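*Asks:* Residue numbers (our numbering), protein chains in the order written: chain A, 1 to 344; chain B, 345 to 688.
No residue lacks a Cβ here, since even glycine has one placed at the ideal position from N, Cα and C.
Here the structure is a predicted model, which means the values were calculated and not measured.
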DNA sequence: GTTTAGACTGCACACGTGTGCAAACCTGCA
DNA sequence: TGCAGGTTTGCACACGTGTGCAGTCTAAAC
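1) Can the beta-carbon of residue 643/B be found closer than 9 Å to that of residue 632/B?
2) Does the beta carbon of residue 463/B come closer than 9 Å to any beta carbon on chain A?
3) By DSSP, does residue 217/A sit in helix, in strand, or in coil?
4) Indicate whether residue 509/B and residue 652/B have their beta-carbon atoms separated by less than 9 Å.
5) Apply the 10 Å Cβ neighbour rule to residue 546/B and answer buried if 16 or more other Cβ atoms are within range, or exposed otherwise.
6) Which bits of chain B does residue 262/A rub up against, with CB to CB less than 7 Å?
7) Quick one: what does DSSP say residue 450/B is sitting in, helix, strand or coil?
8) Determine which residues share a DSSP beta bridge with residue 534/B and list them.
9) Report the residues of the segment 57 to 70 of chain A with a CB closer than 7 Å to any CB of chain B, ordered along the chain.
10) Is residue 683/B close to chain A? Criterion is C-beta to C-beta, closer than 9 Å.
11) In the segment 440 to 455 of chain B, which residues sit with their C-beta less than 7 Å from some C-beta in chain A, listed in chain order?
12) Between residue 501/B and residue 674/B, what straight-line distance do the alpha-carbon atoms span, to the nearest angstrom?
13) Within the same chain, show all residues whose beta-carbon is closer than 7 Å to that of residue 561/B, passing over the 5 residues directly before and after it, in chain order.
14) By alpha-carbon positions, which one of 553/B, 668/B, 399/B ends up nearest to residue 493/B?
15) Any heavy atom of the ligand ATP closer than 8 Å to the beta-carbon of residue 626/B?
16) For the segment 25 to 44 of chain A against the segment 423 to 438 of chain B, are there 3 or more C-beta pairs whose distance is under 8 Å?
17) Would you identify the three-state DSSP class for residue 399/B, choosing helix, strand or coil?
18) Thinking residue 38/A and residue 17/A are a contact (beta carbons under 8 Å), I'd like their distance in whole angstroms, please.
19) Shorter than 9 Å from the beta carbon of residue 319/A to some beta carbon of chain B?
20) Counting only C-beta atoms, is residue 634/B closer than 9 Å to chain A at any point?
21) For the beta strand (DSSP E) containing residue 645/B, name the first residue and the last one.
22) Of all Cβ atoms in chain B, is any one closer than 9 Å to the Cβ of residue 86/A?
23) From this set, 72/A, 98/A, 108/A, which residue's C-alpha is nearest residue 81/A's C-alpha?
24) Look up residue 609/B in the DSSP assignment and say whether it is helix, strand or coil.
25) So, using beta-carbon positions, are residue 471/B and residue 455/B closer together than 9 Å?
26) Starting from residue 241/A, trace the beta strand (DSSP E) in both directions and tell me its first and last residue.
27) Tell me whether residue 681/B sits in a helix, a strand or coil according to DSSP, three-state version.
28) For residue 654/B, which option in 597/B, 401/B, 440/B, 579/B has the closest C-alpha, if you only look at C-alpha atoms?
29) Please compile the residues from chain A whose C-beta is within a distance smaller than 8 Å of the C-beta of residue 542/B.
30) Any beta carbon of chain B sitting closer than 9 Å to that of residue 272/A?
31) Considering Cα atoms alone, identify which of 229/A, 340/A, 270/A, 68/A is closest to residue 195/A.
32) Output the boundary residues of the alpha helix (DSSP H) element that contains residue 382/B.
33) Whose C-beta lies closer than 6 Å to the C-beta of residue 315/A among residues of the same chain, with five residues either side of it excluded?
34) Counting only beta-carbon atoms, is residue 457/B nearer than 9 Å to chain A?
35) Determine, for residue 640/B, whether the minimum Cβ-Cβ distance to residues of chain A falls below 9 Å.
36) Only counting runs of 4 or more residues, tell me where the alpha helix (DSSP H) segments fall wholly within the segment 145 to 198 of chain A, in order along the chain.
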């Protein structure tokens with residue numbers, strides 16, 4: 001950018017550029033509006049003047065007149081869920097493909113959800129993407145009324161005109177079950193925290209069904225309670241689940257996510273002296289970066305955050321073009337990544 | 345929110361609310377402007393009408409007329425740096441205290457920086473917060489000219505009127521050195537990736553100085569090269585640093601961040617059969633959640649992400665009120681968290 | 001030279017809001 | 001009642017932009 005020699009006290013406006021280029025303000029506007037009718041000569045003069053003045057389109061004013069901004073609300077339940085964090089980067093990248101910018105909103109308390117969604121409305125967001133968390137069905141209806149596109153990743157919606165993109169949690173659970181069984185485990189358990197998330201329930205269902213279908217008798221699938229999350233939750237659950245005679249102890253455990261699995265494994269090894277995979281086989285879910293670490297080498301189900309993000313954004317953009325399209329549900333396949341915790 | 349019975353096809357405007365409440369549009373505007381002069385009676389009628397219509401202030405239009413938005417650009421170098429991720433939540437929380445909203449921008453490639461910063465300007469952001477990454481001194485000058493407040497976290501600025509908030513990296517390095525020495529280590533090493541970040545250099549300097557001051561002779565501090573980051577980088581560095589006769593092998597290692605330390609420790613244990621802390625003591629930096637995991641139990645230096653975020657936002661807000669205040673540099677203390685990797 | 005289709009340009013209006021200014025209103029006191 | 005002082009209100013303008021419409025210009029076809 002050529003720096004201007006004159007005094008340039010504040011923001012250059014389209015009118016300033018017009019004066020400098022010797023054209024009308026409309027010509028400036030059209031130069032920065034893709035597809036508008038401007039001659040090549042005019043465009044060049046405008047671009048030159050704009051460059052000299054350091055002119056930047058005021059997207060706020062543009063949004064006012066077009067009655068829609070290029071902002072997209074991205075609602076996350078805190079930054080402790082590593083899967084959600086992994087989702088952010090591809091979401092941003094895909095939004096950028098459509099010249100959209102993410103307005104990040106954190107909702108750690110469900111009570112915050114209402115005010116947050118209302119706040120986003122004040123920016124006339126072009127759409128909103130939700131990631132896992134408790135469903136704000138109430139105010140989402142306000143979004144429907146205003147035809148603000150909504151897309152959800154790994155969440156249930158049960159709402160007309162809300163697109164849902166989720167990993168194939170059900171199949172993932174089944175794959176986990178088969179993997180544990182193939183490793184020779186007979187007493188199996190599914191461990192999850194009682195957050196009541198859609199994905200957690202779905203993974204458990206897929207797991208249970210596959211276990212039942214395997215023809216093994218007397219399989220006990222346990223769903224335990226806990227108030228803490230992530231790693232610490234895994235430790236707590238292990239304390240409940242492994243503190244029993246060896247003959248009653250599960251031989252194979254499927255954890256609803258990798259952080260849970262890490263806590264569970266650490267407790268199993270260091271508190272109960274169990275060897276993995278010799279005494280206990282473990283499968284996680286998410287394939288977070290640390291799952292590949294030698295300390296864990298965790299067999300897990302990889303979710304394609306790229307696919308999830310890309311599809312969510314594309315659905316959102318489609319709905320911006322036509323808000324009346326019926327709701328769609330898209331399933332993204334998961335992939336079993338086999339590492340040492342299931343290999344014996 | 346009371347749902348309206350009438351057909352409400354689109355967005356309610358302040359004029360609509362004014363008609364319904366039987367007042368002027370100005371009264372509506374003043375009702376939603378803190379500190380404006382409205383009688384209690386009028387305010388109540390306006391609020392009632394606004395509620396019935398589902399009216400939400402259009403912050404875009406408001407920003408146009410006030411010539412400044414309530415958006416703050418938050419620039420991050422990807423989501424792979426866990427410390428940056430930890431920073432996001434307190435940043436958002438503190439921005440919310442001042443009714444500001446974060447516009448999240450990812451800059452993984454330094455070449456992207458310029459276009460990203462220009463893009464943020466189009467939203468007339470009220471300020472920008474940078475986290476670690478390569479310095480975009482060039483376009484930052486454009487921000488200075490326009491008097492857009494800038495705050496940096498754990499980054500060097502060297503620019504007038506840019507506030508910098510950083511952890512006491514230098515002292516952290518010194519604490520790490522003393523901790524390793526106190527654990528009995530004599531051959532010490534500092535491992536970092538050649539990203540050239542300010543914080544990395546500062547930590548190394550503090551470490552070196554403290555080692556030199558300890559009076560130990562012939563301490564070798566090694567700064568190694570590598571092209572990969574995080575965990576994999578730690579593994580790669582360990583392969584270089586530990587592949588030598590025991591008498592020449594470092595007994596104490598200070599890693600520039602925890603992820604690096606995890607990779608280093610895993611390689612030391614699984615590839616070189618070293619015991620930690622018996623054969624090797626290790627100190628990290630950041631205190632990410634996994635540092636407390638039993639598999640690592642890593643002694644590390646905790647950065648107060650809350651303090652960093654709070655100070656950065658408060659400096660930013662102060663500068664919004666008065667853009668001419670001289671640049672300030674604020675140091676946030678770090679805390680040594682002792683775990684098993686340094687206890688013998 | 002005349003006609004005509006097409007590309008380009010400028011005028012003027014619109015978007016939804018904040019706010020200075022003066023008028024209107026209210027309250028209390030003489 | 002008359003008046004002073006303060007509070008509240010509405011008018012009108014401003015912010016920076018997109019875009020319909022009609023007019024102008026260019027160039028090709030006749």
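*Replies:* From the atom records:
1) no
2) yes
3) Here residue 217/A scores only 48 on pLDDT, less than 50, and its place in the model should not be relied on; the value that follows carries that caveat. If DSSP states are grouped into helix, strand and coil, residue 217/A belongs with coil.
4) yes
5) buried
6) 637
7) strand
8) 598/B
9) 57, 58, 59, 60, 61, 63, 64, 69
10) no
11) 445, 446, 447, 448, 450
12) 12 Å
13) Bear in mind that a pLDDT of 48 at residue 561/B, under 50, signals an unreliable position, so the number given afterwards is only what the model happens to contain. The answer is none, since no qualifying residue turns up.
14) 668/B
15) Because no ligand of any kind appears in the structure shown, any question about the ligand ATP cannot be addressed here.
16) no
17) coil
18) So it is not a contact: roughly 13 Å between Cβ atoms.
19) no
20) yes
21) 643 to 646
22) yes
23) 108/A
24) helix
25) no
26) Where residue 241/A is concerned, there is no enclosing beta strand (DSSP E), although the alpha helix (DSSP H) it sits in stretches over 230 to 241.
27) strand
28) 440/B
29) Per Cβ cutoff of 8 Å: no residues; residue 542/B is ~23 Å from chain A at best.
30) no
31) 229/A
32) No alpha helix (DSSP H) holds residue 382/B; DSSP gives it neither H nor E.
33) 151, 163
34) no
35) yes
36) 169 to 182
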